[in-house]
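**Student:** 16 is the number of the first residue of the sequence shown in the numbering used here; add one for each residue after it.
Encoded as structure tokens, here's the structure I'll be asking about.
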Amino acid sequence: MRKDKSEEAIKIVHKKLKRHTSKKGIELKPETFIYAKYAIVFATFPENQFTVFDILEWYRILWQIELAFKRFKQIAQFGYLPKYDDDSSKSWLYGKLFAVLLTERLIDFAKSFPPWDTLCSSQRTQSQWSKLTFMFHQVKRVIESALLLQKVLYSWNGIACSLAEKPRTRNMQLSKYFEFT
16 MRKDKSEEAI KIVHKKLKRH TSKKGIELKP ETFIYAKYAI VFATFPENQF TVFDILEWYR
76 ILWQIELAFK RFKQIAQFGY LPKYDDDSSK SWLYGKLFAV LLTERLIDFA KSFPPWDTLC
136 SSQRTQSQWS KLTFMFHQVK RVIESALLLQ KVLYSWNGIA CSLAEKPRTR NMQLSKYFEF
196 T
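See the structure below:
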């Protein structure tokens, strides 16, 4: 599948390519600038059943799933599997996955407790990554009986405000790169 980029997006990509090559001291092939005009996605979707827009939407959804698994893997420390037989490995993985999913549900549930984000500045963005990481560690402490779950839930909105980030200056670039007609 091939999708043409807007002229502005092409200029941005060419500028990045030139900057990259000057930093690295390498020379690009002329074809590189030609390829940079397109968003190329290799897919096995039947061409007659899906539009280019549909395929790109599914590609974006796939990346959201990839990011969720990356987040789960880092937060729950999936990188090392300490078991050697299949059943114990599955149990370990299911336990970790359960803990991460439970943590996400607790974050949603904790939002219903006062003060309901009244302390947060509307200009600060809430990082799902930092909230999930922090709550995951809180859940571990609750399981170890080092902390009361009730205390975590009632103080969650204040914690979430503290974890909020300053707004980023970077603009969303999706509309610059693709023209959908």
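Just so it is clear, CB atoms sit at the ideal spot from N, CA and C, and this is done for glycine as well.
Is the Cβ-Cβ distance between VAL115 and PHE149 less than 8 Å?
**Tutor:** Contact: no.
**Student:** Let's see if you can read the secondary structure: which residues bound the beta strand (DSSP E) around ILE41?
**Tutor:** Premise fails: ILE41 is in no beta strand (DSSP E) and is neither H nor E.
**Student:** Decide if ILE76 is buried, meaning its Cβ has at least 16 other Cβ atoms within 10 Å, or exposed.
**Tutor:** Exposed: under 16 other Cβ atoms inside 10 Å.
**Student:** Does the Cβ-Cβ distance between ALA58 and LEU32 come in under 8 Å?
**Tutor:** Their beta carbons are not under 8 Å apart, which means ALA58 does not touch LEU32 by this criterion.
**Student:** Use the C-beta contact count for THR140: other C-beta atoms within 10 angstroms, 16 or more gives buried, fewer gives exposed.
**Tutor:** By the neighbour-count rule (16 or more Cβ atoms within 10 Å), THR140 is not buried but exposed.
**Student:** Is DSSP giving TYR99 helix, strand or coil here?
**Tutor:** Note: TYR99 maps to coil in three-state DSSP.
**Student:** With distances taken between CB atoms, is the gap from GLU119 to LEU162 smaller than 8 Å?
**Tutor:** No. Outside cutoff.
**Student:** DSSP three-state call for THR140: helix, strand or coil?
**Tutor:** Looking at THR140 - three-state DSSP - the assignment turns out to be strand.
**Student:** Going by C-alpha to C-alpha distance, which of VAL67, SER170, VAL154, SER142 sits closest to LYS126?
**Tutor:** Closest option to LYS126, Cα to Cα, is SER170.
**Student:** Answer with buried or exposed for GLN153, where buried requires no fewer than 16 other C-beta atoms within 10 angstroms of its C-beta.
**Tutor:** Classification for GLN153: buried.
**Student:** Check GLU180 in the structure and name its three-state DSSP category.
**Tutor:** Strand, per DSSP.
**Student:** Thinking C-alpha only, which one of ALA54, GLY40, GLU42, LYS39 is nearest VAL28?
**Tutor:** Considering only alpha carbons, the answer is ALA54.
**Student:** Ignoring anything shorter than 3 residues or poking outside the stretch 50-134, list the beta strand (DSSP E) runs there in chain order.
**Tutor:** The stretch 50-134 contains these whole beta strand (DSSP E) runs: 53-55.
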